[in-house]
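So the structure is just underneath, and the comments pick up after that.
Protein chains in written order, with our numbering: chain G, -4 to 174; chain X, 93 to 445.
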């Protein structure tokens, strides 16, 4: 019995919900039980956005995450808001281009990834979210990078098929990052 | 097995409605149910159906009334303040005994309230909402899969009993995505000899109406309608029981609250507390039988709700106040945490309520 609770948070417009959808679709294709819950509300570009994704071998209970196993943050307010909710032994992924602050906790694994800078350098400036996801997949054996391309092909509508390659480029950049 | 697809709860309602044969959607936009209308706007024109954004909620419910009177499978969807506006039409539909399907993806109230999830329209849905003596069949999904399956069930029940079936969901279930499949969809069809389809000069006129100026005649109509309601109350209650076999505490919760409650039940069981969950799936008819049976087994009930305590009244009535019932709640768009429910279970176990 394995359940992974993943909280992704940042500004609206950073692709927070899309990154969550990517994980949810990946779980779907791997026959896991899945829930994806977005924050919704008057948020728009520039406002706050977050997304709760649960991947499990068993039926998902509450889709609302109070204690994430994995926290991915793409702005400072999100780090400050959620840093203490992560379970001991959990993981925190920080976009260190956007967040200079360091995590003081010592009971969690912290990954600092200059994702926005890396996305810029790779020519895909809007895909820092997927750079982060690439790193998350690499460091979570039960998520794994296998199936990422199939997931992306399913997630991206046929009309925008060219985006599959760009997203994969970002994912691979995150996977290959040696911090 | 049918392919699993990821869908938002709101989209699942719309897709299931189309599969149930609904070709008429009338609505007016409001958060957090907008995806129902958006899905219909995209799909209906492609399958020869009607999507119409009316000038108001009042107009849209009366369009539903008209299409229902013509024998069509028809629906509208809205969220709390919008459902209040539809109240008059819902009463007319009930008074005319035509089948309709209505969705309320609830948000916090009263008034314009907020847009976060809530269950504070329980009274409105189960006790009336509009004026007059009437009931609607009220279905409370707790997953995206149930958003679909209870939609199909709702259309079937509406046609079977010539009533309104309402999905009473909330913003969380509406907005979240889960895998679903549509394999088990059983679509029932019913003859509608009463429908206004044009006489073609071959039959007497059908009349669909809720106006009865002679009080004895109107009384008779009410008596007949309540005989029908008694049949619904006998045959249609739906519920789920979880870990009730040896339970000493019974948690009662529906919709999203039941998902949180289930986590708390699992956590309490891990502590050795014998606790179970009864989840009403139909809120009207309310599943009185399993609750009455539980009243002889458990020592206390905990009602978990996203409101100030509404279903708790029906729990007390169902168990005839045989055991104490405590309330564990949040309101206004807030959701209780599993820890809050766990604390309430511990309190009930200690008998401190």
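Even for Gly, the Cβ is constructed at its ideal location relative to N, Cα and C.
- Membership of residue 12(G) in the alpha helix (DSSP H) is indicated by the continuous run 11 to 24.
- Straight through space, the alpha carbons of residue 160(X) and residue 194(X) are spaced by roughly 12 Å.
- When rounded, the separation of the alpha-carbon atoms in residue 128(X) and residue 318(X) is 32 Å.
- The closest CA to that of residue 200(X), considering only 214(X), 310(X) and 343(X), is found on 214(X).
- Residue 341(X) has a beta carbon lying at 9 Å or more from every beta carbon in chain G.
- By DSSP's assignment, residue 98(X) forms a beta bridge with 271(X).
- For residue 140(X), the closest Cβ of chain G is not nearer than 9 Å.
- Only buried fits residue 410(X), as 16 or more other CB atoms lie within 10 angstroms of its CB.
- Here DSSP, grouped into helix, strand and coil, assigns residue 116(G) to helix.
- Neighbours of residue 33(G) in chain X, taken as residues whose beta carbon is under 7 Å from its own, are 267 in chain order.
- Measuring C-alpha to C-alpha distances from residue 397(X) to each of 143(X), 346(X) and 441(X) identifies 346(X) as the nearest.
- When Cβ-Cβ separations below 9 Å define contact, residue 431(X) makes contact with chain G.
- Bridge pairing for residue 420(X): 396(X) [DSSP].
- Spatial neighbours of residue 407(X) in its own chain (CB-CB distance under 7 Å, excluding positions within 5 residues in sequence) are listed in chain order as 344, 383, 393, 395 and 417.
- For residue 413(X), there is no enclosing beta strand (DSSP E), as DSSP marks it with neither H nor E.
- For residue 367(X), the secondary structure class from DSSP, reduced to helix, strand or coil, is strand.
- Look at residue 346(X) here: in three-state DSSP terms it is coil, with no helix or strand label.
- Counting the other CB atoms within 10 Å of its CB gives residue 108(G) a total of 16 or more, which places it among the buried residues.
- Look at residue 323(X): its C-beta is not under 9 Å from any C-beta on chain G.
- Looking at the DSSP output, residue 327(X) sits in no beta bridge, so it has no partner there.
- DSSP places residue 218(X) within a helical segment (H, G or I) once states are collapsed to three.
- Contact with chain G is absent for residue 200(X), since none of that chain's Cβ atoms lies less than 9 Å from the residue's Cβ.
- The bridge partners DSSP lists for residue 169(X) are 195(X).
- Residue 273(X) sits exposed, since fewer than 16 C-beta atoms from the chains shown fall within 10 Å of its C-beta.
- For the C-beta of residue 103(X), not a single chain G residue is nearer than 7 Å; the gap to the nearest is close to 12 Å.
- Contact annotation: the segment 129 to 147 of chain X does not touch the segment 264 to 272 of chain X, with fewer than three C-beta pairs closer than 8 Å.
- The beta carbon of residue 136(G) sits no closer than 9 Å to any beta carbon of chain X.
- Per DSSP, the unbroken alpha helix (DSSP H) holding residue 132(G) starts and ends at 123 to 133.
- Residue 10(G) sits away from residue 93(G), with the two beta carbons spaced by 9 Å or more.
- Membership of residue 287(X) in any alpha helix (DSSP H) is not indicated, and neither H nor E is assigned to it by DSSP.
- In this structure, DSSP gives residue 257(X) an extended state, which the three-state scheme calls strand.
- Residue 120(G) and residue 99(G) have their C-alpha atoms spaced approximately 29 Å apart.
- Relative to residue 352(X), the option among 125(X), 402(X) and 436(X) whose CA is nearest is 436(X).
- About 6 Å separates the Cβ atoms of residue 68(G) and residue 89(G), confirming a contact at the 8 Å cut-off.
- Rounded to the nearest whole angstrom, the C-alpha separation of residue 338(X) and residue 442(X) is 17 Å.
- Following the DSSP letters along the chain, one finds residue 142(G) in no alpha helix (DSSP H), marked with neither H nor E.
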